[in-house]
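Student:
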Amino acid sequence: MPAFQRLIRHPWSLGLLGILTVLLLWWITTASGSVNKLFLPSPQAVWLAGQQQWTSGLLLKDALASIQRVFIGFAMSAGLALPVGIAMGTSPVICRLLEPLMGLIRYMPAPAFIPLLIIYFGLDELPKVLLIFIGTFFFNTLMIMDSVKFVPRELMETARTLGGRTLPILVKVVAPFIAPQVLDTYRINMASAWNLVIVAELVAATEGLGKRISLAQRFLRTDEIFMGLIVIGLIGLLIDLGFRAVMRRACAWAN
Amino acid sequence: MHLQIADVSKTFGYGARAKQVLRNVSFAVHSGEFVALVGSSGSGKSTVMRLIAGLEQPSAGTISMDGRPITAPGSDRGMVFQKYSLYPWLTAAENVAFGMELQGRPRQEIRERTGYFLEVVGLADAARRLPRELSGGMQQRVAIARALAAEPQVLLLDEPFGALDIQIRESMQEFLHTLWQRTGLTALLITHDLEEALLLAGTVHIMAPSPGRIVRSVRVDLDRSSLAKLRLSRPFLDLREELAADLRGLEPALAA
């Protein structure tokens, strides 16, 4: 059965099988009626809750609100981490100056900054965006710094013997060399950004996927909680795949 | 062009950890010459190269080019490393153009010179390929083309064929010899391979380790019309054996 073998060998087949298995187990468990549906709603109920929120426009509004926060906060973090990380990776002085500080702040749990951020900036967008920034900036920076340290010495020295000075070398040698690792760093830390936006919305927000989940809890709507979780997971997965696609196209040389 | 290395010493580290890697090294390279430094690992030959390139500074002595002391890297001294020196995200042609772009040459000139030097190293067909799609020998030829395209006064070759298979090495030696004859370039070759040095260089300096120093300098006046014949000719083999005995005598572990 070559068709079957080809199906098995397809890189996505087994992953899909894993997801379908869990879905099936979920369906069987709820259909058998052995678990109170308040605790475990059926897949159909979750789907219905999703449909309801979609037609009312709530789902899209919430998703856009959360995506916007993640996007702004992470763009700030990624944009600033790139020059700082490169500076730390290339200059021992800057590295020794900043690394202990960043190593310290990195281990402070970002959600613990929420009370301070609320005191400073109230309940608007700014504290949520800043939370994402605080929670990802230091990881982004330190990981970019590390990638710079792996730029082969020969590549930099060749540029110097060809007449290159510091800035052109950073732009034309260091930046392209670390591009794949930087994209990968962003992809990995994007997951933290999604965690943090939901945490921020659970604490204080008027809209957003996290807010919807905390409202659903108040009314014991576990179907809506499940729906929210699944949507968050799906958006995260899409962003992850997006980063991978960009990396495949832009950094074909590194594959 | 006159490259002068005068009484150069180099010490790495300070105090109790200080290690002298070069002691009183002196030699010169003139326009159109092909000079080789031969020595085992630890003889400091790569350090000599890095000092001339300006990547390191001598602890004592001076290195000067046409009377001006060398203080930093510059495009008047092109360097070819043993390996890993092509930019993996650039095609062969873009790698060759890289130095000229750093120099800010006009686009038209860069394009023409890139084509010309790819032709010179016999890789016009590989212009659009990425380094990982090229063999080791082809990669080194691109690196040589890149160095030459930046118009250096002297080409510094640091074990350029050290990472290649023996057969490819031999063809690359032929290639470098022909290139030298055709373009009249000035070259300083670092190698641990005595045969390679004697085949290619008009002057060979033998270096000894701990601390690195030149122990013998030989002028090699042999008929180089065919390297293949030269490899097997009596005077070549005699000279090689004589110098190899010298080199063996320098190894403390083997001399006992």
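Order-wise, the sequence lines are chains S and U.
The opening residue of the first sequence carries number 191 in my numbering; numbering runs sequentially from there.
The opening residue of the second sequence carries number 31 in my numbering; numbering runs sequentially from there.
Even for Gly, the Cβ is constructed at its ideal location relative to N, Cα and C.
Please name the residue or residues paired with D188/U in a DSSP beta bridge.
Tutor: If you number the second sequence from 1, residue 188/U lands on position 158. The partner list for D188/U (beta bridge, DSSP) reads I220/U.
Student: Using a Cβ cut-off of 8 Å (strictly closer), state whether L352/S contacts chain U.
Tutor: Locating residue 352/S in the first sequence gives position 162, where the first residue counts as 1. Judged by the 8 Å Cβ criterion, L352/S is in contact with chain U.
Student: Name the residue from S89/U, Q133/U, L116/U whose alpha carbon lies nearest to the alpha carbon of F42/U.
Tutor: Within the second sequence, the letter at position 12 stands for residue 42/U. Considering only alpha carbons, the answer is S89/U.
Student: Take I403/S and list the residues in its own chain whose beta-carbon comes closer than 6 Å to its own, dropping the five residues that flank it on each side.
Tutor: Taking the first sequence and counting its residues from 1, the one referred to as residue 403/S is at position 213. Within the same chain, I403/S has close Cβ partners I415, G418.
Student: Thinking C-alpha only, which one of G108/U, W119/U, V126/U is nearest A175/U?
Tutor: Counting from one through the second sequence, the residue named residue 175/U turns up at place 145. A175/U has its Cα closest to that of V126/U, out of G108/U, W119/U, V126/U.
Student: Could you list which residues in chain S have their beta carbon closer than 8 Å to that of M109/U, in chain order?
Tutor: Within the second sequence, residue 109/U is the residue found at index 79, counting from 1. Within chain S, the residues near M109/U are E347, T348, T351.
Student: Which parts of the region 119 to 159 of chain U are runs of the alpha helix (DSSP H), unbroken and 4 residues or longer, counting only runs that do not cross its ends?
Tutor: Here the runs fully enclosed are 122 to 132, 137 to 150.
Student: Quick check: the Cα distance between A227/U and L187/U, rounded to an integer number of angstroms?
Tutor: For the purposes of this step, residue 227/U is taken as residue 197 along the second sequence, with counting starting at 1. For the purposes of this step, residue 187/U is taken as residue 157 along the second sequence, with counting starting at 1. Their Cα atoms are separated by approximately 12 Å.
Student: What are the residues of the region 274 to 306 of chain S that lie near chain U, defined by any Cβ-Cβ distance shorter than 7 Å?
Tutor: Going along the region 274 to 306 of chain S in chain order, one finds no residue with a Cβ nearer than 7 Å to chain U.
Student: Counting contacts by CB-CB distance shorter than 8 Å, is P103/U in contact with chain S?
Tutor: Walking along the second sequence from the start, residue 103/U turns up at place 73. Yes, P103/U counts as interfacial toward chain S.
Student: Determine the direct distance from the alpha carbon of A157/U to that of L360/S, and round the result to whole angstroms.
Tutor: If you number the first sequence from 1, residue 360/S lands on position 170. If you number the second sequence from 1, residue 157/U lands on position 127. Looking at the two C-alpha atoms, the distance is approximately 25 Å.
Student: If the cut-off is 7 Å on Cβ atoms, which residues from the region 313 to 344 of chain S count as contacting chain U, listed in chain order?
Tutor: Answer in chain order: P342, E344.
Student: Can a CB atom of chain U be found closer than 8 Å to the CB of W216/S?
Tutor: Counting from 1 along the first sequence, the entry for residue 216/S is found at position 26. Not closer than 8 Å to any Cβ of chain U, the Cβ of W216/S fails to qualify, so no.
Student: Identify each residue in the region 125 to 143 of chain U for which the Cβ-Cβ distance to at least one residue of chain S is less than 7 Å, and report them in chain order.
Tutor: Against chain S - using a Cβ distance shorter than 7 Å - the residues of the region 125 to 143 of chain U are F128, G129, L132, Q133.
Student: In three-state terms, what does DSSP make of I359/S?
Tutor: Sequence index remark: in the first sequence, residue 359/S carries index 169 (1-based). If DSSP states are grouped into helix, strand and coil, I359/S belongs with the helices.
Student: For V319/S, which of helix, strand or coil comes out of DSSP?
Tutor: Within the first sequence, the letter at position 129 stands for residue 319/S. Correct three-state label for V319/S: helix.
Student: When the Cβ atoms of the region 327 to 338 of chain S are set against those of the region 291 to 305 of chain S, are three or more pairs found closer than 8 Å?
Tutor: Judged by Cβ distances under 8 Å, the region 327 to 338 of chain S makes contact with the region 291 to 305 of chain S, as three or more pairs qualify.
Student: Roughly how far, in whole angstroms, is the beta-carbon of M31/U from the beta-carbon of V184/U, given that I think they are within contact range, below 8 Å?
Tutor: Sequence index remark: in the second sequence, residue 31/U carries index 1 (1-based). Sequence index remark: in the second sequence, residue 184/U carries index 154 (1-based). Going by Cβ atoms, the distance from M31/U to V184/U rounds to 7 Å, so yes, they are a contact pair.
Student: Quick one: using the 10 Å Cβ neighbour count with 16 as the cut-off for buried, is W384/S buried or exposed?
Tutor: To locate residue 384/S, count along the first sequence from 1; it is residue 194. Buried: at least 16 other Cβ atoms inside 10 Å.
Student: Do A267/S and T326/S have their C-beta atoms closer together than 8 Å?
Tutor: Numbered from 1 along the first sequence, position 77 holds the residue referred to as residue 267/S. Numbered from 1 along the first sequence, position 136 holds the residue referred to as residue 326/S. Correcting the residue type first, residue 267/S is Ser in the shown sequence and not Ala. Cβ distance < 8 Å, so S267/S and T326/S count as in contact.
Student: Give me the Cα-Cα distance between E189/U and E289/S, rounded to the nearest whole angstrom.
Tutor: To locate residue 189/U, count along the second sequence from 1; it is residue 159. To locate residue 289/S, count along the first sequence from 1; it is residue 99. Those two C-alpha atoms are separated by around 37 Å.
Student: Which bits of chain U does P366/S rub up against, with CB to CB less than 7 Å?
Tutor: By one-based count along the first sequence, residue 366/S stands at place 176. Near P366/S (Cβ distances below 7 Å), the residues of chain U are W119.
Student: If Q34/U sits next to S94/U, beta carbons under 8 Å apart, how far is it from one beta carbon to the other, in whole angstroms?
Tutor: Taking the second sequence and counting its residues from 1, the one referred to as residue 34/U is at position 4. Taking the second sequence and counting its residues from 1, the one referred to as residue 94/U is at position 64. Contact holds; Cβ gap of about 5 Å.
Student: Of all the CB atoms in chain S, is at least one closer than 8 Å to the CB of S290/U?
Tutor: There is no way to answer for residue 290/U, as the model of chain U reaches only from 31 to 286.
Student: Measuring straight from C-alpha to C-alpha, what distance separates A102/U and R270/U?
Tutor: Here residue 102/U is taken as the residue at index 72 of the second sequence, counted from 1. Here residue 270/U is taken as the residue at index 240 of the second sequence, counted from 1. Going by the C-alpha atoms only, they are around 36 Å apart.
Student: Let me confirm a value: E225/U is counted as buried when at least 16 other C-beta atoms fall within 10 Å, else exposed. Which label applies?
Tutor: Position 195 of the second sequence, counted from the first residue, corresponds to residue 225/U. E225/U should be labelled buried.
Student: Short check: CB of V172/U to CB of A217/U, under 8 Å?
Tutor: Numbered from its first residue, the second sequence carries residue 172/U at position 142. Numbered from its first residue, the second sequence carries residue 217/U at position 187. Against a cut-off of 8 Å, the Cβ pair of A217/U and V172/U comes out as no contact.
Student: Would a C-beta distance cut-off of 8 Å place P342/S and Y146/U closer than the cut-off?
Tutor: Numbered from its first residue, the first sequence carries residue 342/S at position 152. Numbered from its first residue, the second sequence carries residue 146/U at position 116. It is not a contact, given that the beta carbons lie outside the stated cut-off.
Student: If you count every other CB in all the chains shown that lies within 10 Å of the CB of F64/U, and 16 or more means buried, which is it?
Tutor: Looking up residue 64/U in the second sequence gives position 34. Result: buried.
Student: Taking Cβ positions only, does L219/U come closer than 8 Å to chain S?
Tutor: On the second sequence, position 189 is the one that residue 219/U refers to. No, L219/U lies away from the interface with chain S (no Cβ there is under 8 Å from its Cβ).
Student: Flag this pair as yes or no: are the beta carbons of Q203/U and L257/U separated by less than 8 Å?
Tutor: For this step, residue 203/U is matched to residue 173 along the second sequence. For this step, residue 257/U is matched to residue 227 along the second sequence. Yes, these two residues count as a Cβ contact at 8 Å.
Student: Quick one: Cα of L207/S to Cα of Q195/S, how far?
Tutor: In the first sequence, residue 207/S corresponds to position 17, counting from 1. In the first sequence, residue 195/S corresponds to position 5, counting from 1. Straight-line Cα distance between these residues: approximately 14 Å.
Student: Could you tell me if P370/S is buried or exposed, where buried requires 16 or more neighbouring beta carbons within 10 angstroms of its beta carbon?
Tutor: The sequence position of residue 370/S within the first sequence is 180, counting from 1. Result: buried.
Student: Identify the residues that DSSP records as bridge partners of P99/U: which are they?
Tutor: Position 69 of the second sequence, counted from the first residue, corresponds to residue 99/U. Its beta-bridge partners are S94/U.
Student: With C-beta atoms as the reference, is L392/S less than 8 Å away from G400/S?
Tutor: Reading the first sequence from its first residue, position 202 is the one you call residue 392/S. Reading the first sequence from its first residue, position 210 is the one you call residue 400/S. Yes, these two residues count as a Cβ contact at 8 Å.
Student: Which residues does DSSP pair with I35/U in a beta bridge?
Tutor: Numbered from its first residue, the second sequence carries residue 35/U at position 5. I35/U is bridged to F57/U, I93/U.
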